[in-house]
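Participant: Quick note on our numbering: the sequence shown kicks off at 6 and runs consecutively.
A virtual CB, placed ideally from N, CA and C, is assigned to each residue, including glycine.
The model shown is predicted, which means the values in this text are computed figures rather than measured ones.
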Amino acid sequence: MPGGKPPQDPITTFAFALEIQGITEAWFREASGFSSENDVIEYKEQGPKGQTILHKIPGTLKFGNIQLKRGITSNLELWKWRKKVIDGQIEAARVDGSVVGYDEDGNEKIRFNFKRGWPCKWEASGLNAQGNEPIIESIEIACEYIERMPS
């Protein structure tokens with residue numbers, strides 16, 4: 006085997022929990038937006054033989070917004086959190102938290118911690134009295150830092 010290590014199976018999850026400062030607030034079926042990137046700054050320099058040398062260095066570090074989706078429930082905690090932002094209470098809405106992925110047996114499989122997150126968007130899907138689909142609640146969390154933790 007190249008490298009001497011056996012291949013690892015990919016992580017699979019059954020459900021995701023949103024923990025805010027250690028307390029599980031809600032369960033979700035979909036979670037996305039876990040990303041970090043740097044702007045790329047390019048600058049040119051003239052080499053010793055007159056050639057142009059292009060250098061690329063890291064610029065501003067940015068983290069993606071976390072998006073979570075679930076069937077809407079009568080629990081209003083996510084809406085109350087969003088309402089703080091709507092009412093201008095931004096600092097009160099900023100929290101540290103985690104999105105934790107669990108397998109079908111309830112074992113933690115993956116964890117993403119975020120810092121100073123606040124709900125920048127809340128949405129409920131359309132309503133259709135002739136359909137059988139559940140209403141989907143979506144929340145988008147802007148944060149200043151995301152870190153993948155070992156499982």
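1. Could you tell me which whole alpha helix (DSSP H) segments of length 4 or greater appear in the segment 83 to 134?
2. Name the one or two DSSP bridge partners that residue 76 has.
3. Do you know whose CA, among 133, 105 and 134, lies nearest residue 16's CA?
4. Indicate whether residue 120 and residue 145 have their beta-carbon atoms separated by less than 8 Å.
5. What's the gap between the Cα of residue 122 and the Cα of residue 19?
6. Flag this pair as touching only if the segment 59 to 79 and the segment 29 to 49 have three or more C-beta atom pairs under 8 Å; answer yes or no.
7. Any idea what DSSP makes of residue 9, helix, strand or coil?
Facilitator: A quick look at the data gives this:
1. 95 to 98
2. 141
3. 105
4. no
5. 24 Å
6. yes
7. helix
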